[in-house]
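Each number in my numbering comes from the position in the sequence shown (counting from 1) with 1310 added on.
Reading through the structure tokens given below for one structure.
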Amino acid sequence: MLHISRTFAAYLDEIDQITVIVPKARCLDNMEPFVMTAPSGEDIPLVVQQKEDLGDAVKYVCRFSVPFQFGETHWIRARSGEESDVQIGAVVRTAAFDDQFFYDGKLGVEYAKEQTIFRVWAPTATAVSVKLVHPDHGDVRYVPLVRGERGVWSVAVSGDWERARYMYVACINRVWREAVDPYATAVSVNGEYGVIVDWEKTKLAKPAPPLPPCPSPTDAVIYELSIRDFTSHPDSGAVWKGKYLGLTEEHTRGPNGTVTGLSYLKELGVTHVQLMPFADFAGVDERDPQAAYNWGYNPLHLYAPEGSYATDPHDPYARIVELKQAIRALQENGLRVVMDAVYNHVYDREQSPLEKLVPGYYFRYDAYGRPANGTGVGNDIASERRMARRWIVDSVVFWAKEYGINGFRFDLMGVHDIETMKSVRDALDAIDPSILVYGEGWDLPTPLAPEQKATMANAKRLPRLAYF
1311 MLHISRTFAA YLDEIDQITV IVPKARCLDN MEPFVMTAPS GEDIPLVVQQ
1361 KEDLGDAVKY VCRFSVPFQF GETHWIRARS GEESDVQIGA VVRTAAFDDQ
1411 FFYDGKLGVE YAKEQTIFRV WAPTATAVSV KLVHPDHGDV RYVPLVRGER
1461 GVWSVAVSGD WERARYMYVA CINRVWREAV DPYATAVSVN GEYGVIVDWE
1511 KTKLAKPAPP LPPCPSPTDA VIYELSIRDF TSHPDSGAVW KGKYLGLTEE
1561 HTRGPNGTVT GLSYLKELGV THVQLMPFAD FAGVDERDPQ AAYNWGYNPL
1611 HLYAPEGSYA TDPHDPYARI VELKQAIRAL QENGLRVVMD AVYNHVYDRE
1661 QSPLEKLVPG YYFRYDAYGR PANGTGVGND IASERRMARR WIVDSVVFWA
1711 KEYGINGFRF DLMGVHDIET MKSVRDALDA IDPSILVYGE GWDLPTPLAP
1761 EQKATMANAK RLPRLAYF
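Spelled out as structure tokens, the structure:
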């Protein structure tokens, strides 16, 4: 269902406020008073507090006095008898919504051979199912999730679902939307589905090696590289050109015996290697990587590795294991690894799993309700919202723990809020205080108060975070 026909529109814009928009083509004299019908069948009167002429429509700002039951469909009835469902509107960007629905329990997929548990935060949805694609014969199964506390939907599905593809199907404002899990740690080719993996099978044989001491962040000497560019030249001497595994090859040589690859990095005398974005991104067809090119600043799935750098993008394990091998190879040669972390925007806001599962929540909007564009790419992540902040912090912690990342370079860090960056620093300190955190501290025109931005001007409020 792509479009709902409504004679007039009603939006929940605050916890106790509904905005009704009535086209002037309707008989306006026959609209008031409005009544909201709750899921229980109870009629709740709406008190019109403001009426505004919009030219071709009239806006009514109405208040009500009972708690709104999220997860259920409510209806507005005019005096004429015409009805419209209450759509979830700007209420998702209020502090009251954040307080009511902030959740700090488990999210994402929890795999075991006997069953897999699915958990997704979708507080404005009225129904959620998980679409499961069997890994062997491709049969599709839809399993309804049960709504629990603070807008989290979950279900345990019996059986061994390793390598199964999955996505969520959620009904919000009476429209069904398909979305990849925002917490998906493995994805199918081109990120079309999340994939269930057994993380025990991704462990490397040898433990992580001890690294040379780096007593202070100011002792870091950082070399930035693109995984693809570093070995893609025909004369690079690498076998795995443009791939994660290209970073693992030692003693490679170019023309005239020129040292290349990993051996070249060792000769430079650097302490850290900053890898340009390798979280799953758009713009390059993973099935044909040579057909297009970009550096990876088109983020899709921020918990899963990019597939165009893997030897087999169709195998969800390949990108995971090969990235781990690349990171381990650098560390075994005394080089710490920094992740270029792009959490300030997504490739396509409307197609983002974040927007599909909780429309309007994860992104900033201006005073006129238009998506903000401080990043210059059409959308700004609202890091100040509690579940957006959690999504960022959880992701950074995941990369640090699962992949052994030694530092994070935050793209357009000044777009993020101070509290989020403090939370990132605190979470990483609990893992390893030597993990670097630094980023671009520019003051960009995103709708966030200057004193809240993680910009260079506010550096004194962000201890142990660096700028460049």
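The C-beta atom is built at its ideal place from N, Cα and C for all residues, glycine as well.
Next on the checklist: Give the list of continuous beta strand (DSSP E) stretches no shorter than 3 residues that lie fully inside the stretch 1651-1728.
Outcome noted: 1717-1720
Checklist entry - Do V1652 and G1717 have their CB atoms nearer than 9 Å? => result no
Checklist entry - Candidates G1552, P1757 and L1575: which alpha carbon is nearest R1674's? => result P1757
Next on the checklist: Using a Cβ distance threshold of 8 Å, determine whether the stretch 1718-1737 contacts the stretch 1759-1773, with at least three qualifying pairs required.
Outcome noted: yes
Item to check | Spatial distance of A1776 from K1553 (CA atoms) | outcome: Rounded to the nearest angstrom, the two C-alpha atoms are 30 Å apart.
Checklist entry - Rounded C-beta distance between A1489 and L1667? I'm assuming under 8 Å. => result About 5 Å separates the beta carbons of A1489 and L1667, which is inside the 8 Å limit, making them a contact pair.
Checklist entry - From what residue to what residue does the alpha helix (DSSP H) around T1541 run? => result I1537 to S1542
Next on the checklist: Which residue marks the beginning of the beta strand (DSSP E) containing L1578, and which one marks its end?
Outcome noted: Premise fails: L1578 lies in the alpha helix (DSSP H), G1571 to L1578, not in any beta strand (DSSP E).
Checklist entry - Hey, K1789 and I1741: beta-carbon distance below 9 Å or not? => result Residue 1789 is absent from the model: the chain starts at 1311 and stops at 1778.
Checklist entry - How many angstroms separate the CA atom of W1471 from the CA atom of K1513? => result 19 Å
Checklist entry - Should P1609 go down as buried or exposed, given a rule of 16 or more other Cβ atoms within 10 Å for buried? => result Counting Cβ neighbours within 10 Å, P1609 comes out buried, since at least 16 surround it.
Item to check | Classification of K1770 by the beta-carbon crowding that lies within 10 angstroms, buried from 16 upward | outcome: exposed
Checklist entry - alpha helix (DSSP H) containing I1833: first to last residue? => result Residue numbering for the chain in the displayed model covers 1311 to 1778; residue 1833 lies beyond these limits and cannot be assessed.
Checklist entry - Would V1401 pass as a contact of I1325 if the rule is Cβ separation under 9 Å? => result yes
Next on the checklist: Distance check for R1696 and D1286, CA to CA, integer angstroms please.
Outcome noted: Residue coverage of the chain in this structure runs from 1311 to 1778, which leaves residue 1286 outside it and unanswerable.
Next on the checklist: Alpha carbons only, please: which of R1629, H1447 and I1314 is nearest the one belonging to V1497?
Outcome noted: R1629
Next on the checklist: By the three-class DSSP mapping on this structure, what secondary structure does V1456 have?
Outcome noted: strand
Checklist entry - DSSP state of V1594, grouped into three classes? => result When secondary structure is reduced to three states using DSSP, V1594 falls in the coil class, being assigned neither helix nor strand.
Item to check | According to DSSP, residues forming a beta bridge with C1524 | outcome: Paired residues: none, contrary to the question.
Next on the checklist: Taking 8 Å as the limit between beta carbons, can you name the residues of its chain near V1505, skipping five residues before and five after?
Outcome noted: R1473, A1474, R1475, Y1476, A1494, A1496, V1497, S1498 and P1626
Next on the checklist: If you reduce the DSSP assignment to three classes, tell me which class E1761 lands in.
Outcome noted: helix
Next on the checklist: Three Cβ pairs or more, each shorter than 8 Å: is that satisfied between the stretch 1567-1576 and the stretch 1585-1592?
Outcome noted: no
Checklist entry - What whole-angstrom Cβ distance do R1699 and S1693 have, given they're in contact under 8 Å? => result Approximately 6 Å separates the beta-carbon atoms of R1699 and S1693; this is inside 8 Å, confirming the contact.
Checklist entry - Which word fits D1650, buried or exposed, when buried means at least 16 other C-beta atoms lie within 10 angstroms of its C-beta? => result Counting every other CB atom within 10 Å of its CB across the protein chains shown gives D1650 a total of 16 or more, marking it as buried.
Checklist entry - In whole angstroms, what is the alpha-carbon distance linking V1549 and R1597? => result 19 Å
Item to check | Neighbourhood of V1631 by C-beta distance below 7 Å, restricted to the same chain and skipping five residues each side | outcome: Excluding sequence neighbours, V1631 sits near T1512.
Next on the checklist: Let's see if you can read the secondary structure: which residues bound the alpha helix (DSSP H) around E1642?
Outcome noted: P1626 to E1642
Item to check | Bridge-paired residues (DSSP) for W1463 | outcome: V1430 and R1457
Checklist entry - Whose CA, out of V1371, G1399 and E1502, lies closest to the CA of P1623? => result Of V1371, G1399 and E1502, the residue nearest in Cα terms is E1502.
Checklist entry - Beta-carbon separation of V1583 and E1577 under 9 Å? => result no
Item to check | Q1327, enclosing beta strand (DSSP E) - first and last residue | outcome: Q1327 to P1333
Next on the checklist: Quick check on this structure: which residue in A1335, K1634, F1318 and Y1478 has the alpha carbon closest to the alpha carbon of T1329?
Outcome noted: Comparing Cα positions, the closest option is F1318.
Checklist entry - Less than 9 Å separating the beta-carbons of I1386 and F1412? => result no
Item to check | Neighbourhood of L1781 by C-beta distance below 7 Å, restricted to the same chain and skipping five residues each side | outcome: For the chain, the structure presents residues 1311 to 1778; residue 1781 sits outside this window and is missing.
Item to check | Buried/exposed call for T1785, threshold 16 Cβ in 10 Å | outcome: No answer is possible for residue 1785: the residues shown for the chain start at 1311 and end at 1778.
Checklist entry - What number of angstroms, rounded off, separates the C-alpha of G1381 from the C-alpha of V1419? => result 22 Å
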